[in-house]
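Protein chains in written order, with UniProt numbering: chain E, 1 to 415; chain B, 1 to 415.
C-beta atoms are modelled at their ideal positions from N, C-alpha and C, and glycine is treated no differently.
For reference, the structure discussed in these notes is given below.
Protein chains: 2
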Amino acid sequence: MKAEIITIGDEILIGQIIDTNSSWIAQQLRKFEIDIVQMTSIPDTEEAIFNTLKSASARADLILITGGLGPTKDDVTKNTAAKYFGTTLIRDEKVLQHVTSFFEARNLEMLEINKQQADVLANCEILFNDYGTAPGMLVSKEQKNYIFMPGVPFEMKHLMEKRVFPLIAQQSKDIFIHHETILVGGIGESYLAEEIKDIEDELPSTIKLAYLPTLAFIRLRLSGKSKNSADILQEVKLFKSKLLHRLKNYVIADYDTSIEAFLIKEFTHQGLTLTTAESCTGGSLAASLTANPGSSEIFVGGTIPYSNRLKQQLLAVKETTLDQFGAVSEQTAIEMAAGAKATFSTDYAIATTGIAGPGGGSADKPVGTVWIAVAGKKEIITKKFQFNNDRLVNIERTRMNALLLLWKLLIKEEE
Amino acid sequence: MKAEIITIGDEILIGQIIDTNSSWIAQQLRKFEIDIVQMTSIPDTEEAIFNTLKSASARADLILITGGLGPTKDDVTKNTAAKYFGTTLIRDEKVLQHVTSFFEARNLEMLEINKQQADVLANCEILFNDYGTAPGMLVSKEQKNYIFMPGVPFEMKHLMEKRVFPLIAQQSKDIFIHHETILVGGIGESYLAEEIKDIEDELPSTIKLAYLPTLAFIRLRLSGKSKNSADILQEVKLFKSKLLHRLKNYVIADYDTSIEAFLIKEFTHQGLTLTTAESCTGGSLAASLTANPGSSEIFVGGTIPYSNRLKQQLLAVKETTLDQFGAVSEQTAIEMAAGAKATFSTDYAIATTGIAGPGGGSADKPVGTVWIAVAGKKEIITKKFQFNNDRLVNIERTRMNALLLLWKLLIKEEE
Chain E
1 MKAEIITIGD EILIGQIIDT NSSWIAQQLR KFEIDIVQMT SIPDTEEAIF NTLKSASARA
61 DLILITGGLG PTKDDVTKNT AAKYFGTTLI RDEKVLQHVT SFFEARNLEM LEINKQQADV
121 LANCEILFND YGTAPGMLVS KEQKNYIFMP GVPFEMKHLM EKRVFPLIAQ QSKDIFIHHE
181 TILVGGIGES YLAEEIKDIE DELPSTIKLA YLPTLAFIRL RLSGKSKNSA DILQEVKLFK
241 SKLLHRLKNY VIADYDTSIE AFLIKEFTHQ GLTLTTAESC TGGSLAASLT ANPGSSEIFV
301 GGTIPYSNRL KQQLLAVKET TLDQFGAVSE QTAIEMAAGA KATFSTDYAI ATTGIAGPGG
361 GSADKPVGTV WIAVAGKKEI ITKKFQFNND RLVNIERTRM NALLLLWKLL IKEEE
Chain B
1 MKAEIITIGD EILIGQIIDT NSSWIAQQLR KFEIDIVQMT SIPDTEEAIF NTLKSASARA
61 DLILITGGLG PTKDDVTKNT AAKYFGTTLI RDEKVLQHVT SFFEARNLEM LEINKQQADV
121 LANCEILFND YGTAPGMLVS KEQKNYIFMP GVPFEMKHLM EKRVFPLIAQ QSKDIFIHHE
181 TILVGGIGES YLAEEIKDIE DELPSTIKLA YLPTLAFIRL RLSGKSKNSA DILQEVKLFK
241 SKLLHRLKNY VIADYDTSIE AFLIKEFTHQ GLTLTTAESC TGGSLAASLT ANPGSSEIFV
301 GGTIPYSNRL KQQLLAVKET TLDQFGAVSE QTAIEMAAGA KATFSTDYAI ATTGIAGPGG
361 GSADKPVGTV WIAVAGKKEI ITKKFQFNND RLVNIERTRM NALLLLWKLL IKEEE
C-alpha cells in the first residue's frame, strides 16, 4: 500500500515548528510495509489544502493529514475538507462532552472556539482523542482513505496507535513482513558501509537494509517481505547472523533499541547502578537516560558540577588538580568520575568536562576540547575528543561518546 | 521572492531521521521576506529528484535542496543534478585537499567514496564546507537559483549562514522588512488569541502576526513589509506597543528570545546565581539552560537527586519528610529547593519532583502528578500540576512550567 503524509499549517512553512510527525508516522507505517511516496508541507489555505488532497489521492491509497485542527481562528482545514468531500460539519455531542469535561477538569473557562473542536465532518468516522480536544477523522472516498489528525505530536501518536494502526493491521494480512535490527557503535557510516558491502550486495530483492545513524551509533534494520512467512523469517535471520558475525566488534545489541535503553536494561539485568557527573554536557546525559521508563532502577541520580566550586563540593575534585591541570583535563575528569562513584556508592560513574563553546577556548584548549572519564568496578577509562562544531553539536557528541565509553567499559569488565 | 525546500533521501521517507533542516531554513528565510511555497521530501531516486527539481522551478525562484550528498553509495543526487543541468561532475582539487586534510586530522583512512565527496557539478559555484566533507553547490538556470547542501544540520546551517545568506541579502535590497517579537508566558494559545482578537483584526495587510507556541510559552511575531522603511517601522512598533499594553500581565520579553536565554540574561544583569534540583525532569531543565552560551555566568551547577537517598545526601531533605509525605509532595519539593539554595549558596533554586510515568502512579498520586518549588531571595513558591500525557511530555511540561515559575518569582522579588 502507498501512503502520503500531508502537513497542514503556515507554522511549518514559516519555520515556527519542526515537523516531527511525518518521520514518526513513516517509521511506524514501515512496519505495515506501507511505502511513503511523498511528504508535503502546505500552507493553511483552502486552495492549498483542496489541491493537495486531490493530487495526493492520485498517488496514494492512504492519505494522512496532520495539523490544521487547532483552536485558533486561522484553521480552515475542516471547512475545506467538508467542501472536498461534499459534506458538512456537524457538532458531535459525545466530543463536545469530552471537550467540556476536559476544560472543567482544568477549571478553565470554555470559549466558542473551544466548542468548535467538536465540529466534525458529517460523513467521517470519529477517531476519539483521549489526550486533547481535537478529534481525529477518518473519511473514505473512491477507495482512498483520508485520516485527519491534530498536529500536536502526542495527540497524533495516541490516535495512530489506538485508532489507526488497528485498522491498518486488518488490511495488510496477506503479506508477511519481518524486521531485524542491530545496534552498532564506534564505527562511522562510510566505514560500516564498506565493511558490509559484500553482504549488502548479496541481499535478495525481498530484503532491504536500512542505515539509521546518529552521531555515534547506527541502527541497521533488515526488512524482509514475502507471502511465505517461514522462508522470509529464515532468510532475514540468516543475513542478520552474517552482519552480527562481520560486525562483532561493533555490535551493541542484536535487537531494536537505543543505547540508553540498552544500557538501562543491561545494568538492571546485572543489578548495577550508575551516576553521572556532567560539566560540559550540562545534564543532557542524565536527561537522555531518565527519558526512559525504568531508569530509576539503575540511575541513583547525578550531578552537574558546572562551576569549579561545585566540582570540589560535590565530587571532592582537588583544588590543586583544578589549578595545575585545569577543569578540562584528564586528571579532573578522572577525579570527577572517581568522586561521583565513591560519593554516591554506585558501580559505574560517567564524567564529562569540556569547552562546548562558542567562548572559553584557548590556544592549547580550543573550543571542542572534551575529556570523558568512566569509572567502573575495576578501573577508570578516559578519552579525549577534539570536536569542531557548534555548542549544541559538541554537547551532543560528548553525550553520545560518553554512553559509548560506558558500554565499552561495561563489556570489558564482563569478560 | 518565492522559495521551495526539497529534502532528498529515503531516510526521511522511511522515518529514519526527522527533517529539522526545512523548518530552520524557512525561519531564516522569513527574515529576508522569502516565502516558502512548499516543502517536499522525496526519495533518493533519479526520477523523483529530476521531476521534483523541474516542478519546483515552476513554483519558486530559489530552490534549496538538502540531503543526498552523503558518502554512502545510495546517493544519486549529484549525477541526477548533472543530468538536469546538462553538465558533468568534475573532481575539485581544492575540495579534495580539504577532504584529505579532514581525514588526516582524524587519523582516518580515506576511502574512494570519501574522495568522491570532491566531485562537483562542472557549472556550479562551490559553497565551501568548513565543517564537513561534502561541499555545497550553487547553480543558476533560467533565472532560477538552485542550492545543493548536505543534510547534516550543522553543516547545512554553516553553509546557509556563511555562504548563502550574504548572496540573498544582496538580492532583497528593494523591500524593507521589520520584525518585532514578544515572548509571553502563562496564557494558553486560544486565550491569547481571544485576548488580542480586536488588535489582530486591526492589522493592516502590510503587517502579519505569527504565533510561535511551545508547551508553556508563546512568541508573538509582528512582521511588517513595505518599500517605505520609516512608515512600516513606526506602524509595527505601534501595534507592538498595543500588544505589550494588552498583555502586560503575560509579557516576559519585548524582543525575540527564549525563556532560557531571557532568564540567563536577566540573572546575569542582576548578578544572580541559580541552581537546579531535578527529580522528575532528570537533568533536562539544566540541559536546556546550559545549551545557551553564557549560562555558566549564572548557573553554578545542579543536582539530579533521582533516588530518595540522594535527595537526603545532596539536599538534606529530611527522611521524616519523605516517609510522611512521600518524594512527590509539596513538602519534599520545598526542602529540595531550600536545600539546593543553601547547599550551593545561590540566589535562586528550582526543584522538580513528580511521577513522569508510565509506572509509579497510585490512586492519590496518579502518573502526571508533579510538584515544583522555586526558592528565591525572600520566599519559596510552589505549584502542583496534574499532567495527563506520556513520560516525555510530562517531563517537558514540568521543565517549562518550572522556568515559568522561576520567572514569576523573579519579577515578584524585583518589585
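Next item on the list: For Asp364 (chain E), decide whether its Cβ has a neighbour in chain B, counting only Cβ atoms nearer than 7 Å.
Entry: As a first step, residue 364 (chain E) is located in the first sequence; it is residue number 364 there, counting from the start. Not an interface residue.
Notebook entry, point to check: Whose C-beta lies closer than 7 Å to the C-beta of Ile126 (chain E) among residues of the same chain, with five residues either side of it excluded?
Noted result: Walking along the first sequence from the start, residue 126 (chain E) turns up at place 126. These residues qualify, in order along the chain: Asp92, Val95, Val120, Pro135 and Met137.
Next item on the list: Decide if the region 187-204 of chain B is in contact with the region 106-120 of chain E; the criterion is three or more beta carbon pairs, one per stretch, under 8 Å apart.
Entry: Segment contact: the region 187-204 of chain B against the region 106-120 of chain E, three or more CB-CB distances shorter than 8 Å; contact assigned.
Check: When you compare only the Cα positions, how much space is there between Gln90 (chain E) and Lys115 (chain E)?
Finding: For the purposes of this step, residue 90 (chain E) is taken as residue 90 along the first sequence, with counting starting at 1. For the purposes of this step, residue 115 (chain E) is taken as residue 115 along the first sequence, with counting starting at 1. Looking at the sequence shown, residue 90 (chain E) is not Gln but Ile. About 12 Å.
Next item on the list: Identify the contact partners of Gln27 (chain E) in chain B, using a Cβ-Cβ distance below 8 Å as the criterion.
Entry: As a first step, residue 27 (chain E) is located in the first sequence; it is residue number 27 there, counting from the start. Contact annotation for Gln27 (chain E) against chain B: Ile14, Gly15 and Gln16 [CB-CB distance below 8 Å, chain order].
Checklist line | Residue ranges of each beta strand (DSSP E) within the region 228-284 of chain B, 3 or longer | finding: Fully enclosed beta strand (DSSP E) runs of 3 or longer: 251-253 and 274-278.
Check: Residue ranges of each beta strand (DSSP E) run of no fewer than 3 residues wholly in the region 94-152 of chain B, ordered along the chain?
Finding: 119-121, 125-127, 136-141 and 144-149, all fully within the region 94-152 of chain B.
Check: If we cut at 7 Å on Cβ distances, does Asp44 (chain B) have a partner in chain E?
Finding: Against the second sequence, residue 44 (chain B) aligns to sequence position 44. No, Asp44 (chain B) does not count as interfacial toward chain E.
Next item on the list: Could you tell me which residues DSSP puts in a beta bridge with Pro213 (chain B)?
Entry: Within the second sequence, numbered from 1, the residue matching residue 213 (chain B) stands at position 213. BP columns for Pro213 (chain B) point to B:Ile218.
Note to self: Using C-beta distances below 6 Å, list every residue in its chain close to Arg399 (chain B), excluding the 5 sequence neighbours before and after it, in chain order.
What the structure shows: By one-based count along the second sequence, residue 399 (chain B) stands at place 399. Thr281, Ser284 and Leu285.
Notebook entry, point to check: Is Phe325 (chain B) helix, strand or coil when you go by DSSP?
Noted result: The residue given as residue 325 (chain B) occupies position 325 in the second sequence. Phe325 (chain B) falls in the helix class under three-state DSSP.
Notebook entry, point to check: How big is the Cα-Cα spacing for Leu243 (chain E) and Thr206 (chain E)?
Noted result: The residue labelled residue 243 (chain E) in the question sits at position 243 within the first sequence. The residue labelled residue 206 (chain E) in the question sits at position 206 within the first sequence. Approximately 17 Å, taken between the alpha carbons.
Note to self: Tell me the rounded alpha-carbon separation between Leu403 (chain B) and Met1 (chain E).
What the structure shows: In the second sequence, the residue the question calls residue 403 (chain B) occupies position 403. In the first sequence, the residue the question calls residue 1 (chain E) occupies position 1. Spanning the two alpha carbons is a distance of roughly 46 Å.
Notebook entry, point to check: Asp390 (chain E) versus chain B: which residues are under 7 Å apart at the beta carbon?
Noted result: Here residue 390 (chain E) is taken as the residue at index 390 of the first sequence, counted from 1. Chain B residues near Asp390 (chain E): Phe154.
Note to self: For Asp19 (chain B), which residues in the same chain have their Cβ closer than 7 Å to its Cβ, ignoring the five residues on either side in sequence?
What the structure shows: Walking along the second sequence from the start, residue 19 (chain B) turns up at place 19. Counting only residues of its own chain and dropping the five nearest sequence neighbours on each side, Asp19 (chain B) has a CB closer than 7 Å to the CB of Thr7, Ile12 and Ser41.
Check: Can you tell me whether DSSP reads Lys162 (chain E) as helix, strand or coil?
Finding: Start at 1 with the first residue of the first sequence, and residue 162 (chain E) comes out as number 162. Here Lys162 (chain E) carries a helix assignment [DSSP, helix/strand/coil].
Next item on the list: Specify, as a first and last residue, the run of the beta strand (DSSP E) that Met1 (chain B) falls within.
Entry: Here residue 1 (chain B) corresponds to residue number 1 of the second sequence, with the count starting at 1. Taken as a continuous stretch (DSSP letters only), Met1 (chain B) belongs to no beta strand (DSSP E), as it is neither H nor E.
Checklist line | Alpha carbon of residue 416 (chain B) to alpha carbon of Ala60 (chain B), nearest angstrom | finding: Here chain B comprises residues numbered 1 to 415, so residue 416 (chain B) is not present and cannot be evaluated.
Item checked: Presumed contact (8 Å Cβ cut-off) between residue 436 (chain B) and Ile259 (chain B), rounded CB distance -> Nothing can be reported for residue 436 (chain B): it is not among the residues displayed for chain B, which extend from 1 to 415.
Next item on the list: Would you please verify whether the beta carbon of Leu111 (chain E) is less than 7 Å from any beta carbon of chain B?
Entry: The residue given as residue 111 (chain E) occupies position 111 in the first sequence. Interface residue, yes.
Next item on the list: On a CA-only basis, which of B:Ile381, B:Ala118, B:Gly86 and B:Leu247 is nearest Val99 (chain B)? Give me that one, please.
Entry: By one-based count along the second sequence, residue 99 (chain B) stands at place 99. The shortest C-alpha to C-alpha distance from Val99 (chain B) to any of B:Ile381, B:Ala118, B:Gly86 and B:Leu247 is the one to B:Ala118.
Notebook entry, point to check: Would DSSP call Thr87 (chain E) helix, strand or coil?
Noted result: Along the first sequence, read from residue 1 onward, the residue named residue 87 (chain E) stands at position 87. Reduced to three states, the DSSP call for Thr87 (chain E) is coil.
Notebook entry, point to check: Sorry if obvious, but does the Cβ on Ser23 (chain B) come closer than 6 Å to a heavy atom of the ligand GDP?
Noted result: Of the ligands one can find in the structure shown there are none, so the ligand GDP has no counterpart to examine.
Next item on the list: Could you name the residues of the region 201-212 of chain B whose beta carbon sits closer than 8 Å to any beta carbon of chain E, in the order they occur along the chain?
Entry: For the region 201-212 of chain B, the residues whose beta carbon sits under 8 Å from a beta carbon of chain E are, in order, Ala210, Tyr211 and Leu212.
Check: First and last residue of the beta strand (DSSP E) that includes Val374 (chain E)?
Finding: In the first sequence, the residue the question calls residue 374 (chain E) occupies position 374. Its beta strand (DSSP E) spans residues Thr369 to Ala375.
Notebook entry, point to check: Listed in chain order, which residues of the region 327-350 of chain E have Cβ atoms closer than 9 Å to some Cβ of chain B?
Noted result: Residues of the region 327-350 of chain E with a C-beta atom less than 9 Å from some C-beta of chain B are Thr343, Phe344 and Ser345, listed in chain order.
Next item on the list: Quick one: list the residues of chain E neighbouring Pro293 (chain B), beta-carbon separation under 8 Å, in chain order.
Entry: Counting from one through the second sequence, the residue named residue 293 (chain B) turns up at place 293. In chain order: Gly357, Pro358, Gly359 and Arg391.
Item checked: CA-to-CA distance, Asp35 (chain E) to Ala3 (chain E), given in whole angstroms -> Sequence index remark: in the first sequence, residue 3 (chain E) carries index 3 (1-based). Sequence index remark: in the first sequence, residue 35 (chain E) carries index 35 (1-based). Approximately 6 Å, taken between the alpha carbons.
Next item on the list: Just the C-alpha distance for Asp198 (chain E) and Gln97 (chain B), rounded to the nearest angstrom, thanks.
Entry: The sequence position of residue 198 (chain E) within the first sequence is 198, counting from 1. The sequence position of residue 97 (chain B) within the second sequence is 97, counting from 1. The alpha-carbon atoms of Asp198 (chain E) and Gln97 (chain B) are separated by roughly 29 Å.
Note to self: Cutting at 8 Å between CB atoms, please list the residues of its own chain near Lys73 (chain B), excluding the five before and the five after it.
What the structure shows: Taking the first residue of the second sequence as position 1, residue 73 (chain B) is located at position 73. Legend: pLDDT at Lys73 (chain B) = 45, less than 50; position of this residue unreliable, value from coordinates given subsequently. Only Ile113 meet the Cβ criterion.
Notebook entry, point to check: chain E beta carbons: is any one of them nearer than 7 Å to that of Tyr306 (chain B)?
Noted result: By 1-based counting over the second sequence, the position of residue 306 (chain B) is 306. Among the CB atoms of chain E, one or more fall inside 7 Å of the CB of Tyr306 (chain B).
Check: In three-state DSSP terms, what is Asp35 (chain B)?
Finding: Taking the second sequence and counting its residues from 1, the one referred to as residue 35 (chain B) is at position 35. Shown here, Asp35 (chain B) sits in a strand according to DSSP, grouped into three states.
Next item on the list: Please classify Lys378 (chain E): does DSSP put it in a helix, a strand, or coil?
Entry: Translated into the one-based positions of the first sequence, residue 378 (chain E) becomes position 378. If DSSP states are grouped into helix, strand and coil, Lys378 (chain E) belongs with coil.
Check: What number of angstroms, rounded off, separates the C-alpha of Ala277 (chain E) from the C-alpha of Val139 (chain B)?
Finding: Start at 1 with the first residue of the first sequence, and residue 277 (chain E) comes out as number 277. Start at 1 with the first residue of the second sequence, and residue 139 (chain B) comes out as number 139. Their Cα atoms are separated by approximately 49 Å.
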